[in-house]
Structures are given as structure tokens and as C-alpha cells.
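There are 2 protein chains.
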Amino acid sequence: MRDVAIIGVGCTRFGELWDYSFRDLVVEAGLRAIVDARITGEEIDAIYLGNMSAGMFIEQEHIASVVADHAGVASDLHTPVTRVEAGCASGALALRSGIMAVASGWHDIVIAAGVEKMTDVSSGLAEEALSSSADREWEGVYGATLASLYAMMARAHMKRYGTTREQMAAVAVKNHDNASKNPLAQYKNKITIEGVLNSGKVAEPLRVLDCSSIADGAAACVLAPLEIAEKYTDIPVKVRASAQASDTIALHDRRDITTMDATVYAAERAFEIAGVTPRDLDLAEVHDSYTISEIMAIEDLGFVRKGEGGKAVEEGRTTLHGEMPINPSGGLKGCGNPLGATGVRQAIELVWQLRGEAGERQVDDARIGLTHNVGGSGGTAVVHILSL
Amino acid sequence: MRDVAIIGVGCTRFGELWDYSFRDLVVEAGLRAIVDARITGEEIDAIYLGNMSAGMFIEQEHIASVVADHAGVASDLHTPVTRVEAGCASGALALRSGIMAVASGWHDIVIAAGVEKMTDVSSGLAEEALSSSADREWEGVYGATLASLYAMMARAHMKRYGTTREQMAAVAVKNHDNASKNPLAQYKNKITIEGVLNSGKVAEPLRVLDCSSIADGAAACVLAPLEIAEKYTDIPVKVRASAQASDTIALHDRRDITTMDATVYAAERAFEIAGVTPRDLDLAEVHDSYTISEIMAIEDLGFVRKGEGGKAVEEGRTTLHGEMPINPSGGLKGCGNPLGATGVRQAIELVWQLRGEAGERQVDDARIGLTHNVGGSGGTAVVHILSL
Numbered sequence: 001m002r003d004v005a006i007i008g009v010g011c012t013r014f015g016e017l018w019d020y021s022f023r024d025l026v027v028e029a030g031l032r033a034i035v036d037a038r039i040t041g042e043e044i045d046a047i048y049l050g051n052m053s054a055g056m057f058i059e060q061e062h063i064a065s066v067v068a069d070h071a072g073v074a075s076d077l078h079t080p081v082t083r084v085e086a087g088c089a090s091g092a093l094a095l096r097s098g099i100m101a102v103a104s105g106w107h108d109i110v111i112a113a114g115v116e117k118m119t120d121v122s123s124g125l126a127e128e129a130l131s132s133s134a135d136r137e138w139e140g141v142y143g144a145t146l147a148s149l150y151a152m153m154a155r156a157h158m159k160r161y162g163t164t165r166e167q168m169a170a171v172a173v174k175n176h177d178n179a180s181k182n183p184l185a186q187y188k189n190k191i192t193i194e195g196v197l198n199s200g201k202v203a204e205p206l207r208v209l210d211c212s213s214i215a216d217g218a219a220a221c222v223l224a225p226l227e228i229a230e231k232y233t234d235i236p237v238k239v240r241a242s243a244q245a246s247d248t249i250a251l252h253d254r255r256d257i258t259t260m261d262a263t264v265y266a267a268e269r270a271f272e273i274a275g276v277t278p279r280d281l282d283l284a285e286v287h288d289s290y291t292i293s294e295i296m297a298i299e300d301l302g303f304v305r306k307g308e309g310g311k312a313v314e315e316g317r318t319t320l321h322g323e324m325p326i327n328p329s330g331g332l333k334g335c336g337n338p339l340g341a342t343g344v345r346q347a348i349e350l351v352w353q354l355r356g357e358a359g360e361r362q363v364d365d366a367r368i369g370l371t372h373n374v375g376g377s378g379g380t381a382v383v384h385i386l387s388l
Numbered sequence: 001m002r003d004v005a006i007i008g009v010g011c012t013r014f015g016e017l018w019d020y021s022f023r024d025l026v027v028e029a030g031l032r033a034i035v036d037a038r039i040t041g042e043e044i045d046a047i048y049l050g051n052m053s054a055g056m057f058i059e060q061e062h063i064a065s066v067v068a069d070h071a072g073v074a075s076d077l078h079t080p081v082t083r084v085e086a087g088c089a090s091g092a093l094a095l096r097s098g099i100m101a102v103a104s105g106w107h108d109i110v111i112a113a114g115v116e117k118m119t120d121v122s123s124g125l126a127e128e129a130l131s132s133s134a135d136r137e138w139e140g141v142y143g144a145t146l147a148s149l150y151a152m153m154a155r156a157h158m159k160r161y162g163t164t165r166e167q168m169a170a171v172a173v174k175n176h177d178n179a180s181k182n183p184l185a186q187y188k189n190k191i192t193i194e195g196v197l198n199s200g201k202v203a204e205p206l207r208v209l210d211c212s213s214i215a216d217g218a219a220a221c222v223l224a225p226l227e228i229a230e231k232y233t234d235i236p237v238k239v240r241a242s243a244q245a246s247d248t249i250a251l252h253d254r255r256d257i258t259t260m261d262a263t264v265y266a267a268e269r270a271f272e273i274a275g276v277t278p279r280d281l282d283l284a285e286v287h288d289s290y291t292i293s294e295i296m297a298i299e300d301l302g303f304v305r306k307g308e309g310g311k312a313v314e315e316g317r318t319t320l321h322g323e324m325p326i327n328p329s330g331g332l333k334g335c336g337n338p339l340g341a342t343g344v345r346q347a348i349e350l351v352w353q354l355r356g357e358a359g360e361r362q363v364d365d366a367r368i369g370l371t372h373n374v375g376g377s378g379g380t381a382v383v384h385i386l387s388l
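Protein sequences appear in the order of chains X and C. In this text, residue positions in the first sequence follow my numbering: the first is 1, and each later residue adds one. In this text, residue positions in the second sequence follow my numbering: the first is 1, and each later residue adds one.
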């Protein structure tokens, strides 16, 4: 198997982009990425595309074909395009699929992209789609939304570990603070603990500002075998590990809802492949779909001990210049969460950080980092480790 | 890269299976496959799942997680499961993804499965989902259904090559005849040319009996590196080639709507990889979503000259004991077309034929064959070549 590098990246703004259609979004991200990688369309051997719910959002399945067509690689080049889907982890899974395609030797230059068009659609559709990433037959039909499932995890975490609403709010405050330094983020406004605690109720104990937002957006990475990466870029970013794990889709079947076993397993596997430990990492982009998600993630990934996630955030250990910067981009909370795009955007943030191109939000001496993307309420987790 | 073999297969009946839920279907096919391969659940390294539209049909995305959970590999094993989607070509793309995973060395034992639950859902949903595999923004919103797009191809083919309605009907008659010998097929009734010509109008010149049907069903293959395949089975079936190509999603952007360029390109690539020509093949399972599709397919795959597909079928050259048996299973027309399952079912038919286990519909001396699966109106085509 060959080593794989990321040689170019591109990302749209995230937000309510009513002047962009689905196809506009993915093509804009893709063009930025190929310009960054200094490749031509003819050099692209295959495209992997993460998208959760174009069928529900814009009544369009077979979006791989839409993208091939609109990107101009369908009619002469007939470039193969493959859509992968795993709820909110669709983006990381597209990245993983692209990495596998290059590692295997099947393809040399591959685009791994993610896209979601969630705003400017029928009312209520986004909530319905989000809930369709959890167990429709055993949770959704009884009225459980995705937020309410995370609210149950939050309540259990508060009860068992003494995690407080203020500690959860501190995740949102930190991530908005980071996002204020990110030109592509949906939310650049700083917020306060009190602001989060007093924001509108969604599913107790989670308030509006505990939840990541519905957004439009797309993100794309160009992958190549490491051995030829220097032809395209001065700073190839190495893919050190890609790991994926599943868990039961329904919460009631889990051994413990304060831990995501899919995250634990994927992380263990990723650290094993990369030959590093959580202590070796300089930064991480983790799945903060809700504030409690980030607290559970940093515990399950091994950055802090189980139950100490809330305290670590409250003490500022995960800020941009803390001992372990988490979500320097602003995370899903600050950047917005266009489902299929998020996992790819996380990798792009690492690429910018490792290249030293993250501007005001640059983490000092960033040499190796991790991305963590979760599907639904934890049924799928995908972890990547990238380094210089 | 490693050579890959299919070491076990399993398939449900196809049809209106109102006593089977989505999860029942995929688990039944998977269990049959692992029994056939004599493996245990613990040995499965990864699962790739083809499904087009569970979001629209059963309001469930993130079905990889549903399947991991219901198959019993989520809570202890945390086996990674990945859904891929490319309209009606989702099944073949799952197979291709699984083959890549084994070929690359990332995984040893992989399940490639496909599933669709299309009946027993809200009225009109199946037609809407099918149309969502063509270009929603430039075709669907103006009222073009998938059948009407294929009707345009049929009209153009009739005009240019003199293909007749009787020749198209002969495809359906042959495929029902083959399906009458297939215990898992949805339609075991034989039909006549007159019956097809006089069946209800769908989109002229296509009648009801020119169209494949909406169905529930699932299919699964177990893949392994060829070098260890003999541990599991006496007759490993070798994957000789896997190829995929795209074309514009909208018909109006194609250079010629009587040819599917995605098929032409995928086939050329597959023949090149396998080092064989169309003449070397003993049989093929091709994408007969409409009768005109099979006529175009056998031309575009190189089994007959362009424009002679209709004549070849009419003359009986593609029957079970003709010079080039096409769709010995009964095809999409006879078996039914549960979208995500179809591409995997095609490969299973080849496996049974190559092993000599196809019963009454056994093709003589079947040693090497091809499968051909199309997404939407031809935006994606996937071709596999399998041999003893």
C-alpha cells in the first residue's frame, strides 16, 4: 500500500448561501482545491463525494452524476464519481474512500469532497433529515429528534461525572471565539456563558447555542501518492491514519451513553496505525454537533480522562493557545454544519494549520493533528491523523 | 494490489415483500452469504452497502449504522459499514468499493451488499425516487420521469437504426422466460410479444411490460483475497475487472442518446484490465431497466454492432442457449429491480452460473461473464468481469 498526501484544499463559506445551488457549492470548493493543488481537470482519476441527504433536501439522488456533469468531467473524461453516506460523518467517509483509492494504487489523483445544501428548502426538512441519521424505527417515530438524543447523553454525563451546563456552554464560547478568526465560518460573533445558558430551549439541558447550525457549504481535498506529492506542493500533508468504526444506531442498545464506543474504537485503531498517542498530537478538529459532543469526544479520543472533559474546557485547556487546542476552526458550532461537508472541512483546517496558513487562529508549532467526525448519535465514527 | 475473489453469495426473493422491513432484507441476504462462504461474523472486516433512496422511501439515512446494528456487528465488533449511492448503479458500486478494499490490503474479508425497500411506502414515492436519479433541476421539474427519458432514447434508436417495438418486446419476453426458471425472481409468468405490445402505456413507445418493476430485495457477496479464497470455497470466482465511468446526468448534454458513453467507457476499461474481448465472454447480466436499455447495452458493451441490438434479440441470439446469453437470471425485468440490490444480484447470478449452480437456467460451459449496472438514465455505469 502507498502512503497518501493531501496536496490541495478548497472550501466555500459555510452559512445560508441562498445564491448558491447544490451544484454551485461543490464546484466552487472543487475548483479552489484544484487551483491550490495546481492540477488540471484531466489529471483527476476519481472523485469521492460525501453527502447525507440530497434526496430529502433537493429531491436529487445520484448526485455523483450531477457533480461529474457540472464539474465538467463527465462528457469527455467520464471520470468516475462515487457518493458515500454515513449521516453527519459522510464527509470523513468520502475522505477515507479517496485515501483508500490512492493507497491501493487504483487511482493517483483523487478528489475527496463533501457538500450539503440544507437551507432554502421546505420548512422542517432539516430537522427531519437530521433525525433520519438516528434510528427512525425505534427512536424517530416516537418523537426523538437528534437534539433530544444528545440531550439524554448530556443528562447522563451531568449525572455521572458532575458535568455542568456552564462547562458545556464553555465549549460554545470557545468555538465562537475561534470562528471569529475564521473567514469561512458561519458565526463570527463572540458569545458568553450567560448568553448560552439563557438562549432558547431546544431539548433540556441543550439550548440553541449548545447546538451546531443548519448550513450550506462544500469542501474538497486533492489526494495523491506521497511519492509524487512534491511535484504539486511544497508542503504535502501526510495521511498518517484513517479509521472507521460502528456502534448501534439506537441509544438504548449502547452499554453506556456517556461514551461513544465508535469513537473509542476508531481512535484506538488510528493511533495504532499512525504509531502515536493522544499526547503526541498538537491539535484536533472534533465533532461538536452539540456542546456535549465535544466534551465526550475529547474524553473518548484520549485527550483527557473520562469525565474530565467539561473541566478541561472550563479551565481553558482546549483553547487556541491552551495545552491541547480543540476545534481551532470554530468547529461545527462556529463554522456551521453542512452535514456532508463537515468531515472534509475538518481535514482542510488541519492542512491549513500544518502548513502555517491559519492566520489569526494559527496554533503554535502545529505538526500533527487529528480529525473526528460522527454520524447521527454515534452509530459511525471516522478518525484521521494528518501530519507534516 | 491483490487479486480478489467472491467466496460466498446470498440473495432474498425480489418482489412485494410486505412482511420484510428494510433491515430484515439486508440481514437475510447477508446471513445467506456468510453461510455460503462458511465464515463467521467476527471474520468480517468491513461491509459496503449499496442503497439508493432509504431517505426518501423509509425516512432513514445513515443506513450503514442501521445495518451494522441489526446484523449484530456494531456493539461488540464495531465493524465499519459504508453506504455508497449512484442511483440504480448503487449495488455495483458497493461491490466495486468492497473489491477495492480487499485489493488494497486494507481489509481481508468484506461483505458487499445492496438493498432497497420500495413497496409498502407512500403512493407515488417510487416514481419520484426513480426520477431523482436523473437531473431534477433540468429534467424532473419539467415533468420528465425516468421512463419518459428512456422513451426518448427508444424513439431515437427506432428512428436511427430501425429498431422496432416488437424487437424491444422480445427483450421482455426472453427475460420473463429466463425468470420463470429463477426461484428468486419477482415474475415467473411467461409473456408474449403481443402481450407486451398491448400492455398499458407508460411513455410511448414504452409500455408497462417494457419496464422493470418496483420491488423489495437485498443481495450480498463475500469477498476475500484470492490467495486465501480456497480456505473458504472449492470454487472461488475471480474478480477479473471492475470499472466505472460517468456521463452527463441530463440527456440534452449527451453527444448521442442512442449510446450510453458511460457504458462504452466502463466496458473498454474493464476489457483492458481483464485482458479479454467481448467475444471471450460466455454470458452477461446487463441493465435492462427498460427493454431499450438492454438493446443499447449489448451494443455499447460490444456484443453486437451498434444498431443491431434489436435484431440480435429478435433472432434469439441472446437467449439462454443462444450464442451470447444475456440476463439468464431474468434481468431487472424478470427479477424485479430493488435499485440498490440489483447490481449485487447481477454478480450473484454470475457466481451461480460459473459454479454451475444455476439449475434450469444454467448456461452451458459458463467460465467468464460480465455484469453491467447503470445509474439513472446513464450518468453512471459500472462493469465487472468475473471468471472461474
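Just so you know, even glycine gets a beta-carbon here, dropped at the ideal spot from N, CA and C.
Residues of the segment 133-167 of chain C whose Cβ lies closer than 8 Å to any Cβ of chain X, in chain order: Ser-133, Ala-134, Asp-135, Arg-136, Glu-137, Gly-140. Take the alpha-carbon of C/Trp-106 and the one of X/Ser-104: they are about 8 Å apart.
The DSSP assignment places 46-50, 81-85 as complete runs of the beta strand (DSSP E) inside the segment 40-103 of chain C, in order along the chain (cut-off: 3 residues).
Three or more beta-carbon pairs separated by less than 8 Å are not found between the segment 263-282 of chain C and the segment 126-144 of chain C, which leaves the two stretches without contact. Sequence-distant partners of C/Ala-218 (beyond 5 residues in either direction) whose C-beta falls short of 6 Å from its own C-beta, in its chain, are Thr-12, Leu-25, Val-26, Ala-29, Val-115, Ala-341. Scanning X/Val-35, X/Leu-354, X/Gly-316, X/Met-52 for the CA closest to the CA of X/Phe-22 turns up X/Met-52. Around the beta carbon of X/Thr-259, 16 or more other beta carbons sit within 10 angstroms, so the residue counts as buried.
Taking 9 Å as the Cβ-Cβ cut-off, the segment 78-89 of chain X approaches chain C at His-78, Thr-79, Pro-80, Val-81, Thr-82, Arg-83, Val-84, Glu-85, Ala-86, Gly-87, Cys-88, Ala-89, given in chain order.
The C-alpha of C/Asp-120 lies about 13 Å from the C-alpha of C/Met-56. When Cβ-Cβ separations below 8 Å define contact, X/Ile-249 makes contact with chain C. Excluding residues up to 5 positions away in sequence, Tyr-161 lie with their Cβ nearer than 6 Å to the Cβ of X/Gly-307 in the same chain.
If you draw a straight line from the Cα of X/Ala-5 to the Cα of X/Glu-230, it is about 10 Å long. X/Glu-61 and X/Asn-178 have their C-alpha atoms roughly 35 Å apart. Using a Cβ-Cβ distance cut-off of 8 Å, the segment 195-209 of chain X and the segment 142-151 of chain X are in contact, since at least three pairs of beta carbons, one from each stretch, lie closer than that value.
Between X/Leu-283 and X/Gln-186, the C-beta gap is not smaller than 8 Å, which leaves the two residues out of contact. Counted as a single uninterrupted DSSP element, the alpha helix (DSSP H) harbouring C/Cys-335 occupies residues 331-335.
Per DSSP, X/His-157 is one residue of the alpha helix (DSSP H) stretching across 146-161. Of the candidates X/Asn-373, X/Tyr-232, X/Thr-164, X/Ala-94, X/Tyr-232 places its Cα closest to the Cα of X/Ile-34. CA-to-CA, the gap between C/Cys-211 and C/Gly-336 works out to about 10 Å.
Between the alpha carbons of X/Ile-295 and C/Ser-329 lies a gap of roughly 53 Å.
Under the three-state reduction of DSSP, C/His-372 is assigned to strand. The closest CA to that of X/Asp-108, considering only X/Gly-309, X/Leu-281, X/Leu-226, X/Glu-127, is found on X/Leu-226. If you look at C/Glu-308, you'll find it isn't in any alpha helix (DSSP H); DSSP assigns it neither H nor E. Per the DSSP secondary-structure output, X/Arg-136 pairs with nothing in a beta bridge. Residue pairing from DSSP leaves X/Ala-129 without any beta-bridge partner.
Taking the Cα positions, X/Ala-241 is about 7 Å away from X/Leu-386.
For X/Gly-340, the enclosing alpha helix (DSSP H) begins and ends at 339-355. For C/Gly-30, the enclosing alpha helix (DSSP H) has its first and last residue at 22-37.
Just so you know, the alpha carbons of C/Met-118 and C/Gly-378 end up roughly 21 Å apart. Using a Cβ-Cβ cut-off of 8 Å, C/Tyr-265 counts as an interface residue toward chain X, since at least one Cβ of chain X sits closer than that to its own. Within the segment 55-68 of chain C, the residues whose Cβ lies closer than 7 Å to any Cβ of chain X are, in chain order, Gly-55, Met-56, Ile-58, Glu-59, Gln-60, Glu-61, His-62, Ala-64, Ser-65, Val-66, Ala-68. Interface with chain X (8 Å Cβ-Cβ cutoff): C/Gly-331 is excluded. Taking a contact as a CB-CB distance under 8 Å, the pair C/Ala-92 and C/Val-382 counts as one, their CB atoms being some 4 Å apart. For C/Ala-46, the closest of C/Arg-155, C/Gly-140, C/Val-67 by C-alpha to C-alpha distance is C/Val-67. Using a Cβ-Cβ cut-off of 8 Å, X/Thr-259 does not count as an interface residue toward chain C, since no Cβ of chain C sits closer than that to its own.
Scanning chain C for C-beta atoms nearer than 9 Å to the C-beta of X/Ser-53 yields Gly-55, Glu-61, reported in chain order.
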